[in-house]
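Accompanying notes for the structure given below.
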Amino acid sequence: MSLIMDAIKSSFTEKELHNLNYPFKTIPAMKIAKLAVDETALARYKGIGSFMLKAAEEKAVSCNDDYCAARFLTVDADIEHDEGVLIFYEKNGFISNSELYNKNRKTISMRKDLYR
Ligand SMILES: CC(C)(COP(=O)(O)OP(=O)(O)OC[C@H]1O[C@@H](n2cnc3c(N)ncnc32)[C@H](O)[C@@H]1OP(=O)(O)O)[C@@H](O)C(=O)NCCC(=O)NCCS
0 MSLIMDAIKS SFTEKELHNL NYPFKTIPAM KIAKLAVDET ALARYKGIGS
50 FMLKAAEEKA VSCNDDYCAA RFLTVDADIE HDEGVLIFYE KNGFISNSEL
100 YNKNRKTISM RKDLYR
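Read left to right, the sequence shown gives residues 0 to 115 (numbering that gives the first Met the number 0).
See below:
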């Protein structure tokens, strides 16, 4: 897994959903740039992918204590190689972003609120 800093644009409706009462359209985030579990580990440890997402979430929350800002954990779900990853992220609390998505739909931009 690799994590990078990110920023997402949120619509009025999305901001209402997350109770974001400030005037900026762009919201800071941490992004899962890469995530893959080795097949041997996948077979041995059920739930290891979700465990990695929890670890990413903890990193994203704790970065706020160290001069860094993240309200969301984000990911571009790679549906080109496996459409099922969308379900994986949804089961782990991610929802699709309405404003930011790859127009050729090889990936779907998703977010998880770190504070709700
Ligand atoms: C995606 C990946 C990280 C998931 O890891 P994992 O250890 O299988 O995930 P988990 O066991 O924690 O899965 C949690 C839930 O999501 C479901 N799920 C996981 N991967 C899924 C998939 N590809 N399709 C459908 N459902 C999936 C699981 O069945 C499980 O459901 P349950 O809680 O009802 O049993 C792993 O399959 C992987 O490395 N894939 C290849 C790389 C990849 O696609 N990375 C994502 C790029 S954006």
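Idealized CB from N, CA, C, for every residue including glycine.
One or two residues paired with residue i in a DSSP bridge
i: residue 10; result: Note: residue 10 sits in no beta bridge, so no partner.
heavy atom of ligand 1 below 8 Å from residue i C-beta
i: residue 75; result: yes
i: residue 3; result: no
i: residue 49; result: yes
i: residue 127; result: The structure shown has nothing for residue 127, since the chain only spans 0 to 115.
i: residue 35; result: yes
Residue i to residue j span [Cα, whole Å]
i: residue 5; j: residue 27; result: 6 Å
i: residue 30; j: residue 72; result: 6 Å
i: residue 114; j: residue 88; result: 17 Å
i: residue 33; j: residue 65; result: 23 Å
Contact belief for residue i with residue j at Cβ below 8 Å, rounded distance in angstroms
i: residue 109; j: residue 94; result: 6 Å
Discussion item. If contact is defined by three or more beta carbon pairs under 8 Å, each pair taking one atom from either stretch, is the region 37-46 in contact with the region 17-27?
Written reply: no
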